[in-house]
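Novice:
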Amino acid sequence: MNPAQLSTLLAILDEGSFEAAAAQLAITPSAVSQRIKALEKQVGRILIHRTAPPTATEAGEVLVQAARRMALLQAETDARLRERLDRVPLSIAVNADSVATWFSPVFRSVAQAGEATLRLRIEDEAHTLNLLRRGDVMGAVTRESQPVSGCDSLSLGVMHYRAVGTAELRDAFRLDNGELDWAAMPALRFGPRDALQDEDLHGRVQSATLGQRRISNIPSSEAFVKACCAGLGWALVPELQCCPLVESGELVCLDDEVLSVELHWQRWRLESRLLEGLTRAVVDAAHQVLEQKD
1 MNPAQLSTLL AILDEGSFEA AAAQLAITPS AVSQRIKALE KQVGRILIHR
51 TAPPTATEAG EVLVQAARRM ALLQAETDAR LRERLDRVPL SIAVNADSVA
101 TWFSPVFRSV AQAGEATLRL RIEDEAHTLN LLRRGDVMGA VTRESQPVSG
151 CDSLSLGVMH YRAVGTAELR DAFRLDNGEL DWAAMPALRF GPRDALQDED
201 LHGRVQSATL GQRRISNIPS SEAFVKACCA GLGWALVPEL QCCPLVESGE
251 LVCLDDEVLS VELHWQRWRL ESRLLEGLTR AVVDAAHQVL EQKD
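Sequential numbering from 1 applies to the sequence shown in UniProt numbering.
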């Protein structure tokens with residue numbers, strides 16, 4: 001049986017008319033009538049006496065009893081599920097740069113909630129949404145503003161990245177015309193799915209030479225910056241991390257370009273006190289540090 005049709009049958013009898021049922025279900029009276037006709041066609045019986053108020057036929061009474069049992073079971077299941085959701089770990093996906101820069105206040109907020117545990121998946125912000133689509137996580141920091149089906153999307157702000165390296169590395173790969181040899185200069189990537197590095201190279205390196213570059217993969221945000229300071233390669237680093245190092249002289253900006261990435265928080269559209277609290281913590285932490293869009 002179609003649950004929507006059964007709930008419509010109950011609404012008509014409980015509310016006393018097709019019109020009142022439509023208002024209660026937030027659909028049109030025509031849709032109510034169509035659902036009942038479809039249900040009657042399916043069972044081959046008239047289910048409702050079209051009187052004022054409408055009443056159930058014998059066949060209708062059988063379905064009404066079944067529908068009420070299903071409604072009760074659904075209500076009990078929803079209640080138990082909400083209880084369980086307030087106890088299960090909060091699984092979320094966050095990019096490493098966010099964890100290293102603005103995300104840490106979220107840990108304190110979850111700790112203060114007292115009931116939650118956190119399961120953090122580190123993934124590039126261009127790919128965290130895949131984990132959300134598959135249902136692997138309840139929330140994700142992502143570049144995508146368009147919400148996944150069944151999710152809400154909130155703007156977090158903008159992260160700015162600069163291409164940085166040591167002065168020695170810059171000087172070693174400076175061409176005669178003063179420009180940098182981006183194709184020959186060794187580079188750092190967080191991992192094989194580090195899309196930011198590739199985006200930043202558009203206009204700097206010809207596509208024919210991309211496969212010939214020397215690249216070191218450093219899948220740790222702290223180690224990534226240390227490797228850059230050691231001269232292992234140039235890197236695309238958040239301004240929040242690299243600005244103090246540039247000021248101290250450990251690193252230099254290799255050009256004036258700034259890559260800006262808009263971040264969003266997408267989360268399941270689900271009634272859960274802890275998930276609501278987590279969302280507030282993520283948004284508050286981001287808004288305190290990240291530049292906000294106009």
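Heads up, the beta-carbon is just placed ideally off N, CA and C, and yes, glycines get one too.
Taking the alpha helix (DSSP H) that T142 belongs to, which residues open and close that run?
Specialist: Taking the first residue of the sequence shown as 1, we reach residue 142 at position 142. No alpha helix (DSSP H) holds T142; the beta strand (DSSP E) holding it covers 139–142.
Novice: What's the gap between the Cα of V164 and the Cα of P219?
Specialist: The residue labelled residue 164 in the question sits at position 164 within the sequence shown. The residue labelled residue 219 in the question sits at position 219 within the sequence shown. C-alpha separation (whole angstroms): 18 Å.
Novice: Along the alpha helix (DSSP H) that carries Q288, what are the first and last residues, could you check?
Specialist: Position 288 of the sequence shown, counting from 1, holds the residue named residue 288. It spans 273–289 - the alpha helix (DSSP H) in which Q288 sits, taken as one unbroken run.
Novice: If you draw a straight line from the alpha carbon of I215 to that of C229, how long is it in whole angstroms?
Specialist: As a first step, residue 215 is located in the sequence shown; it is residue number 215 there, counting from the start. As a first step, residue 229 is located in the sequence shown; it is residue number 229 there, counting from the start. For I215 and C229, the distance between alpha carbons rounds to 15 Å.
Novice: Is P238 helix, strand or coil by DSSP?
Specialist: Here residue 238 is taken as the residue at index 238 of the sequence shown, counted from 1. The answer is strand: DSSP assigns P238 an E or B state.
Novice: If the criterion is Cβ atoms closer than 9 Å, does the pair L267 and L154 meet it?
Specialist: Stepping through the sequence shown from its first residue, residue 267 is reached at position 267. Stepping through the sequence shown from its first residue, residue 154 is reached at position 154. It is worth fixing the name first, because residue 267 is Arg in this sequence and not Leu. Contact: yes.
Novice: Closest Cβ-Cβ distance between P54 and chain D: below 9 Å?
Specialist: The structure shown contains no chain D; it is built from a single protein chain.
Novice: Do you know how far the Cα of S149 is from the Cα of I36?
Specialist: Residue mapping note: residue 36 aligns to position 36 of the sequence shown, counting from 1. Residue mapping note: residue 149 aligns to position 149 of the sequence shown, counting from 1. Their backbone Cα atoms lie some 28 Å apart in a straight line.
Novice: As an exercise, report each continuous beta strand (DSSP E) stretch of at least 3 residues that is fully enclosed by the segment 103–177, in chain order.
Specialist: Those beta strand (DSSP E) runs which fall completely within the segment 103–177 and span 3+ residues are 118–122, 139–142, 151–165.
Novice: What are the boundary residues of the beta strand (DSSP E) that I92 is part of?
Specialist: Reading the sequence shown from its first residue, position 92 is the one you call residue 92. Start and end: 90–94.
Novice: For a test of the three-state rule: what should DSSP assign to D255, helix, strand or coil?
Specialist: As a working mapping, residue 255 is identified with position 255 in the sequence shown. Three-state result, D255: strand.
Novice: Does DSSP classify Q266 as helix, strand or coil?
Specialist: The residue labelled residue 266 in the question sits at position 266 within the sequence shown. Three-state result, Q266: strand.
Novice: Using the Cβ count rule (16 or more neighbours within 10 Å means buried), how would you classify M159?
Specialist: Here residue 159 corresponds to residue number 159 of the sequence shown, with the count starting at 1. Counting Cβ neighbours within 10 Å, M159 comes out buried, since at least 16 surround it.
Novice: Using only alpha-carbon positions, find the residue among A52, L270, R280 that is nearest to L81.
Specialist: What you label residue 81 is simply residue 81 of the sequence shown in a count that begins at 1. Ranking A52, L270, R280 by Cα distance to L81 puts L270 first.
Novice: Regarding F103 and the ligand GTP, is the C-beta to nearest heavy atom distance less than 8 Å?
Specialist: Absence of the ligand GTP is noted for the structure shown, with no ligands found whatsoever.
Novice: On the three-state DSSP scale, how would you describe I12?
Specialist: Start at 1 with the first residue of the sequence shown, and residue 12 comes out as number 12. In this structure, I12 counts as helix in the three-state DSSP scheme.
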